[in-house]
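**Student:**
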Amino acid sequence: MTSLPATAASFVSVPLQESASQADLFEYILGDTLLASSLYVNIALAGLAILVFAGLARGIEDPRAKLIVIATMTVPVVSLASYTGLVSGLTVSILEMPAGHPAVDGSYVTVGGQEGVVSLWGRYLTWALSTPAILLALGLLAGSNVTKLLTAIVFDIAMCVTGLTAALTTSSLALRWFWFLMSCAFFVVVLYILLVEWPDDAAAAGTAEVFETLKYLTAFMWLGYPIVWALGVEGLALLPVGVTSWAYSALDIIAKYLFGFLVVRYVADEPRGVVAGGDYGATSGVTPADD
Ligand code: RET
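Right, here's the structure in full:
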């Protein structure tokens, strides 16, 4: 009998690595009431928020006021898609954590034959779309210049992408936390613009009062996200996946829907600080020379 060459023999002996399908993940989520409710509640609230914001914004005429409303409405629109992606198992994975990660001992599950932590990484991905919209609305309300607005948005996107990378890194525990710290450093830039630069702009624009409320609401809620990351399954694994997901969902309810409601309700009155007249958004107020 001829024996197999060494490479073929090792190929045959390697057990097949099973991986959870979207259907497996969809069913797993449905079977975990705490986890499922944290996601389905947000699909309902995002839909409701879109309708309420649209209702409140009926009749707004000024283009700059409309722009603030559109930026605000982007948030529940992204959220609706984001949470639907999560419940369908599309943006969820079972991840095997690096050696030494605390979840390895307690928070592992087996889904579709694959063992690991349930990672709802789609959240971090879609924050890269929703949080810039929040900052656009805030920056416009404060009367920010384009440089500060772009700086806040660029560092915010960098924060979300490096947060996503931290969650998806399975090679080394130290690298997971390095990505996390990098994301925190980008977050500091966003907080600086929100808490130091924009309040002065808002005072000059005449929107200081509403900006003050939104500034504190945003800063407190946003600070909750890295804390949940650190305490949840991705970080120190002190919270199980259902509690981690509910913590993010609760922050989302305030940081997205309550925030949006306050912005649209304020803008709907078209106060002096937010309007800009019919030419707003035109590239130039000058008629081109006829030559
Ligand atoms: C992560 C982990 C890495 C460190 C930091 C984070 C910050 C996340 C924030 C998210 C805000 C999300 C909102 C979503 C609304 O749609 C990525 C959790 C700093 C601040 C407001």
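Numbering (numbering that gives the first Met the number 0), first residue to last: 0 to 290. Glycine included, each C-beta is placed from N, C-alpha and C at the ideal position. Just so it is clear, the structure is predicted and the values come from calculations on it, not from any experiment.
Which first and last residues belong to the alpha helix (DSSP H) in which I156 is found?
**Tutor:** Taking the sequence shown and counting its residues from 1, one reaches residue 156 at position 157. Element bounds for I156: V145 to L167.
**Student:** In its own chain, which residues sit with a C-beta less than 6 Å from the C-beta of A246, not counting the 5 before and 5 after it?
**Tutor:** Walking along the sequence shown from the start, residue 246 turns up at place 247. Cβ within range, chain order: V227.
**Student:** Using a threshold of 8 Å, state whether the C-beta atoms of A45 and W120 are closer than that.
**Tutor:** Position 46 of the sequence shown, counted from the first residue, corresponds to residue 45. Position 121 of the sequence shown, counted from the first residue, corresponds to residue 120. No, they are not a contact pair.
**Student:** Pop quiz: A275 and P62 are said to be a contact at Cβ under 8 Å. What is the actual Cβ separation, rounded to whole angstroms?
**Tutor:** In the sequence shown, residue 275 corresponds to position 276, counting from 1. In the sequence shown, residue 62 corresponds to position 63, counting from 1. At roughly 7 Å, the Cβ-Cβ gap stays under 8 Å, so A275 and P62 are in contact.
**Student:** Have a look at the DSSP bridge pairing and note the partners of T109.
**Tutor:** Taking the first residue of the sequence shown as 1, we reach residue 109 at position 110. According to DSSP, which records beta bridges pairwise, T109 is partnered with E114.
**Student:** Apart from the five residues on each side of it in sequence, which residues of its chain come closer than 7 Å, Cβ to Cβ, to G280?
**Tutor:** On the sequence shown, residue 280 is found 281 positions in, with the first residue counted as 1. Within its own chain, the residues whose Cβ lies closer than 7 Å to the Cβ of G280, once the five positions on either side in sequence are excluded, are P62, listed in chain order.
**Student:** What separation, rounded to the nearest whole angstrom, lies between the Cα atoms of T217 and F258?
**Tutor:** As a first step, residue 217 is located in the sequence shown; it is residue number 218 there, counting from the start. As a first step, residue 258 is located in the sequence shown; it is residue number 259 there, counting from the start. Spanning the two alpha carbons is a distance of roughly 8 Å.
**Student:** Can you tell me whether DSSP reads I226 as helix, strand or coil?
**Tutor:** Residue mapping note: residue 226 aligns to position 227 of the sequence shown, counting from 1. Residue state, collapsed to three classes: helix.
**Student:** Is it buried or exposed, F210, if we count other Cβ atoms within 10 angstroms and call 16 or more buried?
**Tutor:** Residue 210 sits at position 211 when you count from the first residue of the sequence shown. Looking at its Cβ environment, which holds 16 or more other Cβ atoms inside 10 Å, F210 is buried.
**Student:** What did DSSP end up calling T1 once you bin it into helix, strand or coil?
**Tutor:** By 1-based counting over the sequence shown, the position of residue 1 is 2. Model confidence at T1 stands at a pLDDT of 49, short of 50, so the residue's coordinates are unreliable and nothing is read from them.
**Student:** Are three or more beta carbon pairs between the segment 165-183 and the segment 197-212 nearer than 8 Å?
**Tutor:** In this structure the segment 165-183 does not lie against the segment 197-212, because fewer than three pairs of beta carbons, one per stretch, are closer than 8 Å.
**Student:** Express the C-alpha separation of G111 and S18 in angstroms, rounding to a whole number.
**Tutor:** Taking the sequence shown and counting its residues from 1, the one referred to as residue 18 is at position 19. Taking the sequence shown and counting its residues from 1, the one referred to as residue 111 is at position 112. When rounded, the distance between both Cα atoms is 6 Å.
**Student:** Ordered along the chain, which non-local residues of its own chain (more than five positions away) have a Cβ less than 7 Å from that of A136?
**Tutor:** For the purposes of this step, residue 136 is identified with residue 137 of the sequence shown, where counting begins at 1. Cβ within range, chain order: I67, A70, T71 and V262.
**Student:** Measuring from the CB of D251, is there a heavy atom of the ligand RET at a distance below 7 Å?
**Tutor:** Here residue 251 refers to the residue found at position 252 of the sequence shown. D251: yes, Cβ under 7 Å from the ligand RET.
**Student:** For the alpha helix (DSSP H) containing I69, name the first residue and the last one.
**Tutor:** Stepping through the sequence shown from its first residue, residue 69 is reached at position 70. Where I69 is concerned, the enclosing alpha helix (DSSP H) stretches over P62 to V86.
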